Amino acid sequence: MIHVENLGKFFTLHNQGGVSIPVLAGAGFSVAPGECVALTGESGAGKSTVMRILYGNYLAAPGSSVRIGGLDLTTAAPREILALRRETLGYVSQFLRVVPRVPTIDVVAEPLMALGRPEEEARARARGLLERLRIPQALWQLSPTTFSGGEQQRVNIARGFAHAYPVLLLDEPTASLDAINRETVLSLIEEAREGGAAIVGIFHDVAARQRVADREIDVSRFAPEAAA
Amino acid sequence: MTPLLDVRSLTKTYGGRIGCADVSFTLWPGEVLGIVGESGSGKSTLLGCLAGQLSPDTGEVIFDTRAEGPRDVLSMSEAERRMLGRTDWAFVHQNPRDGLRMRVSAGGNVGERLMAVGARHYGDIRADALDWLGRVEIHESRIDDRPAAFSGGMQQRLQIARNLVTGPRLVFMDEPTGGLDVSVQARLLDLIRGLVRRMGLSAIVVTHDLAVVRLLADRLMVMKDGHVIETGLTDQVLDDPQAAYTQLLVSSVLQV
Chain A
1 MIHVENLGKF FTLHNQGGVS IPVLAGAGFS VAPGECVALT GESGAGKSTV
51 MRILYGNYLA APGSSVRIGG LDLTTAAPRE ILALRRETLG YVSQFLRVVP
101 RVPTIDVVAE PLMALGRPEE EARARARGLL ERLRIPQALW QLSPTTFSGG
151 EQQRVNIARG FAHAYPVLLL DEPTASLDAI NRETVLSLIE EAREGGAAIV
201 GIFHDVAARQ RVADREIDVS RFAPEAAA
Chain B
1001 MTPLLDVRSL TKTYGGRIGC ADVSFTLWPG EVLGIVGESG SGKSTLLGCL
1051 AGQLSPDTGE VIFDTRAEGP RDVLSMSEAE RRMLGRTDWA FVHQNPRDGL
1101 RMRVSAGGNV GERLMAVGAR HYGDIRADAL DWLGRVEIHE SRIDDRPAAF
1151 SGGMQQRLQI ARNLVTGPRL VFMDEPTGGL DVSVQARLLD LIRGLVRRMG
1201 LSAIVVTHDL AVVRLLADRL MVMKDGHVIE TGLTDQVLDD PQAAYTQLLV
1251 SSVLQV
């Protein structure tokens, strides 16, 4: 489902003396449907950079190949990537970014509405997820912008799991969650994996990683000096 | 699928100065394109050329018309272009006063667009106007008030209602949230996003506000000195900008 070959990434900071910072070189890995892979490596090794490249949020260096569900992100047109994100590729980031004023229930239902599902079905799914993630019903009609960090994170997860994406990227999904909510999120991940999703995650929580991940990929071996 | 708008090598100069130079892009149905750049970068000139308000020196603007398929807007007759402006296109100005008739009631402002495309039944026009005032969150008790009695945010919402009532397929917006309070901006953004989604509109939004494009636009075009210097998915351009100028633009935003 995910095939990465010869992936490189460097950042050129034009306004800071044109300095070029190499982050990844010659990276390659694949993730099959129904498999959950954890990215590991110390802070700054490039885990989030890999995730962002997989989502099309960062551009890969020339010569890289990043194929997701048959589409090569390095050559795809923006609208192809948008369609991929709508239908195939889900991403739970660490931070919730929403239009102010939009009620929580709509934030969670939005991915399904974008796919053209009936409004009632999308809301029913959203209600189910919000209940499971213990967001009090009194908050559903409010915008999540004023929620606590943990609540925002759970809304973010509910939104990420609203549609059963065949490919799911999870950046620290259990960070800032209490034990009981952490358990719910891990079950959601396990269910998605059993449902055939190819999952790539960053989990600093070692126990969580060991429980849901089938294998680990150490990103520090993609460091440019390691490849050279 | 046919692109809704296919722009090829559009150039407009003012005497010796460049307005916009060699701009090409395609816009697909349902897509929102953001155009950012500082004042004088050519974004409003480009928008004016696209919307038929300015005549470019060279280039083509091919629009997928309902009746005849793709046609070059620039080679249409003035009458044809005006008809397009009333039916398939809408233009939301930064200053609502440029897009509204200030001496006509709110209902009249909305109804006038309907009459321009042939609506004649007073009851239907008033019902449509009421429906649209509701959609842009203007209370029905204000239907007979003139826009001069409205706040800036309400005027902008009224301008949007007036523009969208005829069911256009392409909306041009020039700094739609410029000059409004932040709280009013958020409400307006939410409204525009909802309308674009529900009506399946395509839109071109010119702004210098990066937060606005992040929330509204699928794709982004960055302009500097009349040239397009970077394009891509909105979040990609903002999070991993490639051109020196875009990096400067993104890093200059104040964090709240």
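Here the protein sequences line up with chains A and B, keeping their order. Under our numbering, the first residue of the first sequence is numbered 1, with each subsequent residue one higher. Under our numbering, the first residue of the second sequence is numbered 1001, with each subsequent residue one higher. Glycine included, C-beta positions come from ideal geometry on N, C-alpha and C. Given the structure is predicted, the values throughout are model-derived calculations rather than measurements.
Output the residue ranges of the alpha helix (DSSP H) runs that lie fully inside the segment 1105-1148 of chain B and measure 4 residues or longer, sorted by chain position. 1106-1116, 1122-1135
Please compile the residues from chain B whose C-beta is within a distance smaller than 7 Å of the C-beta of A:V107. The premise fails here: A:V107 is roughly 11 Å from chain B at the closest Cβ pair, so nothing lies under 7 Å.
At a Cβ threshold of 8 Å, is A:Y165 touching chain B? Chain B contact via Cβ: absent.
Contacts around B:S1044, its chain only, beta-carbon distance under 7 Å, and the 5 residues preceding and following it disregarded: D1174, V1206
Within-8 Å CB hit, B:L1189 to chain A: yes
I'd like to know whether the C-beta atoms of B:G1033 and B:I1204 end up nearer to each other than 8 Å. Checking the sequence shown, residue 1033 of chain B turns out to be Leu, not Gly. Cβ distance < 8 Å, so B:L1033 and B:I1204 count as in contact.
Report the neighbours of A:Q82 on chain B: residues whose CB is nearer than 9 Å to its CB, in chain order. Per the sequence shown, residue 82 of chain A should be read as Leu rather than Gln. Per Cβ cutoff of 9 Å: E1031, D1218, R1219, L1233.
Applying the 10 Å Cβ sphere with the 16-neighbour rule, what's the burial state of A:D171? Label assigned to A:D171: buried.
Taking Cβ positions only, does B:A1244 come closer than 8 Å to chain A? Nearest CB-CB separation between B:A1244 and chain A: below the 8 Å threshold.
Kindly indicate the opening and closing residues of the alpha helix (DSSP H) around A:N181. Where A:N181 is concerned, the enclosing alpha helix (DSSP H) stretches over 179-194.
Sorted by chain position, which residues of the same chain lie with C-beta nearer than 6 Å to B:W1132's C-beta, five sequence neighbours on each side aside? Within its own chain, the residues whose Cβ lies closer than 6 Å to the Cβ of B:W1132, once the five positions on either side in sequence are excluded, are V1110, A1161, V1165, listed in chain order.
Note down, in chain order, all residues in the segment 1140-1157 of chain B with a beta-carbon under 8 Å from any beta-carbon belonging to chain A. none
For B:G1194, report the span of its alpha helix (DSSP H) as first-last. 1182-1199
Report the option in B:G1194, B:R1157, B:V1007, B:V1253 whose CA atom is closest to the CA atom of B:P1096. Of the candidates B:G1194, B:R1157, B:V1007, B:V1253, the one whose C-alpha sits nearest the C-alpha of B:P1096 is B:R1157.
Can you check DSSP and say which residues form a bridge with A:A197? Note: A:A197 sits in no beta bridge, so no partner.
Does any residue of chain B bring its CB to less than 8 Å from the CB of A:G8? no
Shortest alpha-carbon distance to B:S1055 belongs to which of B:A1067, B:M1083, B:T1013? B:T1013
For a test of the three-state rule: what should DSSP assign to B:D1240, helix, strand or coil? coil
Helix, strand or coil, according to DSSP, for B:P1176 in the structure here? coil
Using a Cβ-Cβ cutoff of less than 6 Å, which residues in the same chain neighbour B:C1020 once the five nearest sequence positions on both sides are dropped? K1012, G1042, T1045, L1046, G1226
Would you grab the beta carbon distance between B:A1106 and B:I1143 for me? Rounded to a whole angstrom, and I think it's under 8 Å. 6 Å
Please confirm whether B:W1028 has its beta-carbon closer than 8 Å to some beta-carbon of chain A. yes
Is it buried or exposed for A:T49, if we count other Cβ within 10 angstroms and need 16 for buried? Result: buried.
What does DSSP give as the partner residue(s) for A:G66 in the beta ladder? Here residue 66 of chain A is Val; the residue named in the question, Gly, does not match the sequence. Its beta-bridge partners are A:V4.
Kindly indicate if chain B contains any beta-carbon less than 8 Å away from that of A:P78. Flagged as an interface residue toward chain B: A:P78, by a C-beta distance shorter than 8 Å.
Where DSSP assigns a beta bridge to B:A1090, which residues make up the other side? B:V1171
Exposed or buried, B:D1128, counting other C-beta atoms within 10 Å across all chains shown (16 or more means buried)? buried
Where the beta strand (DSSP E) through B:R1101 begins and ends: Element bounds for B:R1101: n/a, residue is neither H nor E.
Name the DSSP bridge partner or partners of B:F1025? For B:F1025, the pairing in a beta bridge is given by DSSP as B:V1007.
Whole angstroms are fine: how far does the CA of B:T1231 sit from the CA of A:Q141? Taking the straight line joining both Cα atoms gives about 36 Å.
For the segment 1-14 of chain A and the segment 62-79 of chain A, state whether three or more C-beta atom pairs, one from each stretch, are separated by less than 8 Å. yes
B:G1016 burial status per 10 Å Cβ neighbour count (16 or more: buried): The residue is exposed, with fewer than 16 neighbouring Cβ atoms inside 10 Å.
Per-residue contacts from A:V99 into chain B (C-beta, under 8 Å): A1186, L1189, D1190, R1193, L1215
By Cβ distance, which residues of its chain are closer than 6 Å to A:D214, with the 5 residues on each side in sequence left out? E35, C36
Under three-state DSSP, which class holds B:D1064? strand
May I have the straight-line CA-CA distance separating B:D1239 from A:Y58, to the nearest angstrom? 7 Å
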